[in-house]
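Keeping their order, the protein sequence lines are chains F and H.
Residues in the first sequence are numbered consecutively from 118, following my numbering.
Residues in the second sequence are numbered consecutively from 118, following my numbering.
Where is the CB? At the ideal position from N, CA and C, for every residue including glycine.
Let me begin by presenting the structure, written as structure tokens, before commenting on it.
There are 2 protein chains.
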Amino acid sequence: MKLKKIKNIEFAQGGVCAAKGFKAGGIQCGLAHSGASVTKKKNDIALILADNICTAAAVYTTNKVKGAPIQVTKEHIVNGLARAVIVNSVNANTCNADGIDKARKMCSLAANQLGISENDVIVASTGVIGQPLPIEPIENGMKSLCESLSYDGNSAALEAIMTTDTQPKEIAVKFKIGDKLCTMGGMLKGSGMIHPNMATTLTFITTDICISAELLQRALSDVVKITLNRVSVDGDTSTNDMVCVLASGLAQNTKISHEDADFDAFRDALYTVMLNLARMMARDGEGATKLIECLCAGADTEKTAEIVAKSVITSNLFKAAMFGEDANWGRILCAVGYAQADFDIAKVDVNIGSEKGIIAVCRHGAGVDFSEETAKDILSQDEIQIYINLNDGNASATAWGCDLTYDYVKINGDYRS
Amino acid sequence: MKLKKIKNIEFAQGGVCAAKGFKAGGIQCGLAHSGASVTKKKNDIALILADNICTAAAVYTTNKVKGAPIQVTKEHIVNGLARAVIVNSVNANTCNADGIDKARKMCSLAANQLGISENDVIVASTGVIGQPLPIEPIENGMKSLCESLSYDGNSAALEAIMTTDTQPKEIAVKFKIGDKLCTMGGMLKGSGMIHPNMATTLTFITTDICISAELLQRALSDVVKITLNRVSVDGDTSTNDMVCVLASGLAQNTKISHEDADFDAFRDALYTVMLNLARMMARDGEGATKLIECLCAGADTEKTAEIVAKSVITSNLFKAAMFGEDANWGRILCAVGYAQADFDIAKVDVNIGSEKGIIAVCRHGAGVDFSEETAKDILSQDEIQIYINLNDGNASATAWGCDLTYDYVKINGDYRS
């Protein structure tokens, strides 16, 4: 898919290894349970290691059920510092009596092998919940995992965090802070599943910028709200969602410690990374054949715009219509109508578009004539835009989703066969 | 499916014609548009007529997009009185510039033919939205429609309101108010679709009880909250949902005008009618193979219990797992965890059950060992119960839904083929 470019930011290669001072690696340590129909050998544990201690920030799932790794990561990151990230797939280490101990053990195993403090290790897991995490394969594999670290190990690490993702999702960008060229890279997994099917989004971002922990957290929290938090594949909020950023400072820019122009430039770069990862995730939603982007404009507040855009992209009826390439604008208006926000439905306009063009389908809350043939042509593309104008103000928001397909049901209901 | 019985209420036959003083009828007037692949001749317009003026009450969709018929019905019912109901399928008469005029016209055509006031007519429509309602077929068919009225016309009327419903849904009950035998019957359509696929729930209930309009409305509003409002097939709130009750008074009970024992008896009967219609609707959800009933107990308030139960039955991941007959309790706990209510996830217990038995799958927020074979056997049934105990109080609530299947996607995405 085409990457979305913001201002002067340039795209680069290397994912989480693009920024100065970050190694990554990944191996298959053998977490797959014996009964699993693993046909492909795939890495199942990843490590990211910074050359020096980094400023760190993270945002977590709001689900009350929180994976044990999230609780341990929260403790370790409380001082705003971290140096390594360890992540496994296959088992989410969630809802187990010994989950916290196992998550701590992952950190200490990595820390001992790397010769760093276990308090500087971020830990994450994705996969089956409610089954004890076998720690032996991780223990046995730790030496090899650490040996796999390299300055171009991003792909091996990325492979290790994927579950039913059909595409690897990573990105890197270059941008200027003052006269210093800075780099940021990220990788994401989602919305993949693994037996027995727990959707989880994990995102890891590395950058060589120099920034205070407070402002790193502020930028991350801001950008998550308008990127990852505006993606829905199926409306289910996972127990293990986590996004974290490590900033090594090796770009040697003047430390960002106020909301100044440098902060804005950094924030734009972070937005570019997370926007594109969010779009990749929506496009690779389970069973998806199309990326659906819904832009709601003309709202009184950004919150209203967000609520409306999210209401549309989470509507099963609408999502199924997109799979059927059916310009069923009534379902769009229906989802706009039940959005929990205050606006006048009689003023709402709706357009649908793609690379093939844009057509008006609804004006002032009522249908307008359009060519079904043109509409079908527009909807035949694999990136669809829905434009909603509430004609009630100047705020806007975009949300991303995907169509609802047979394969979604197959992946999530029929996985045993 | 088995009907749920409350107290001394007896089931009866006759649907909306069961109570004293109600005729019903239905015909095919020819609303289907020329392009439609209508393979089956099916009634498309229904009429219910009471022998005398009735007390009336209604509850409507909360969607901002409201079908024109709803707006007209609201005006007509404002005095708490009605005598007839006219309903068409095929076209929802929603989001059209002339919708209100057409809805009024439907009322006046029926009123003129029947010799009653158009203000005493309730009007409803279901079907495609955003396409002008052709009024000619209704005008031309009105004489035949009125001639079709009879004291056993409930099936003809019910056929006329069905869209992609695979089963007709009606019920009738007998109950005592003082020494008078009273009767109540109802019919429901949903969650059916019609080109281009607008899900709508319409419910019409008739009774011969004598009750004040105020208490009729109170009972209806109360019971809707714990029955129809706790059903979700796909989380989409339609633009045309309506439930209305007509009470003829012919049972000659002492008029109910206070919240006394008679009111409670009436409310129990109404609950029985609407509970069973709600269960029928969930079971016949689009593409559904199973009815899913989620009982949340041990909550601090009924609201918390309702939020949790609804969160589970609306989870696509959970619904797909039910289709796959997979005892994936992690998805249940995940949906409990993201429910927007306040409770301690570490105290939550989950059981799953059906006619084949009940097993514990989660205690205190963590998994417990269970036989996958037994679980599979339980989930092979077509009525599944999910029991959640928050262990945090004495309030409970039940919500109803269905599984998410290939056919849901087919019906809603692929209907042209």
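Only those residues of the segment 169-197 of chain H whose C-beta falls short of 9 Å from the nearest C-beta of chain F are listed: T178, T179, N180, K181, V182, K183. In this structure, DSSP gives M279/F a state outside helix and strand, which the three-state scheme calls coil. Beyond the five residues adjoining it in sequence on each side, A163/H comes within less than 6 Å, by CB distance, of G143, V204, A274, A277, I278 in the same chain, given in chain order.
Think of a sphere of 9 Å around the beta carbon of F440/F: the chain H residues whose beta carbon falls inside it are V526, N529, G530, D531, in chain order.
For E500/F, the enclosing beta strand (DSSP E) stretches over residues 500-506.
Boundaries of the beta strand (DSSP E) harbouring F139/F: 139-144, taken from the DSSP string. Under the three-state reduction of DSSP, G518/H is assigned to strand.
Inside the segment 452-480 of chain H, DSSP marks whole beta strand (DSSP E) runs of 3 or more residues at positions 466-471, 474-480, from first to last along the chain. For G258/H, the secondary structure class from DSSP, reduced to helix, strand or coil, is helix. Nearest CB-CB separation between I424/H and chain F: not below the 7 Å threshold. DSSP, read as helix, strand or coil, puts I165/F in strand. The segment 382-395 of chain F makes no contact with the segment 195-214 of chain F: fewer than 3 CB pairs, one atom from each, lie closer than 8 Å.
Residues of chain F whose Cβ lies closer than 7 Å to the Cβ of T354/H are, in chain order, Y455. In the three-state reduction of the DSSP assignment, Y525/H falls in the helix class. A Cβ of chain F is located within less than 7 Å of the beta carbon of A214/H. For N205/H, the uninterrupted beta strand (DSSP E) segment begins and ends at 198-205.
Contact between A136/F and T344/F fails: their C-beta atoms lie close to 19 Å from each other, not under 8 Å.
Distance between L262/H and T178/H, taken at the CA atoms: about 27 Å. As DSSP reads the structure, E410/F sits in a beta bridge with Q502/F, W517/F. With a cutoff of 7 Å on beta-carbon distance, F380/H and I326/H are scored as not near each other. In the three-state reduction of the DSSP assignment, A444/F falls in the coil class, being assigned neither a helical nor a strand state. Ranked by Cα distance from A141/F, the first of G270/F, D494/F, D215/F is G270/F.
Between the alpha carbons of L266/F and A456/H lies a distance of about 40 Å. By the Cβ test, the segment 470-487 of chain H is not in contact with the segment 365-377 of chain H, since fewer than three Cβ pairs between them sit closer than 8 Å. For the pair N125/F and H193/F, the CB atoms are not nearer than the 7 Å cut-off. Counting along the chain, no alpha helix (DSSP H) covers M359/F; the unbroken beta strand (DSSP E) around it starts and ends at 359-364. With a contact defined as Cβ atoms closer than 8 Å, A452/H and S432/H qualify at about 4 Å.
Counted as a single uninterrupted DSSP element, the stretch harbouring V425/F is not any beta strand (DSSP E) but the alpha helix (DSSP H) occupying residues 419-430.
In this structure, the alpha-carbon of G518/H lies about 17 Å from that of E472/H.
Among the bridge pairs identified by DSSP, Y268/F is matched with none. Put simply, the CB of I430/F is far from chain H, with every gap to its CB atoms at 7 Å or more. Residues of the same chain with a CB within less than 8 Å of the CB of L120/F, apart from the 5 flanking positions on each side, are F128, I288, N393 in chain order.
F380/F sits in a helix when the DSSP states are folded into three classes.
Interface with chain H (7 Å Cβ-Cβ cutoff): C451/F is included. DSSP, read as helix, strand or coil, puts E287/H in strand. The criterion of a C-beta distance shorter than 7 Å is satisfied by N210/H and A185/H.
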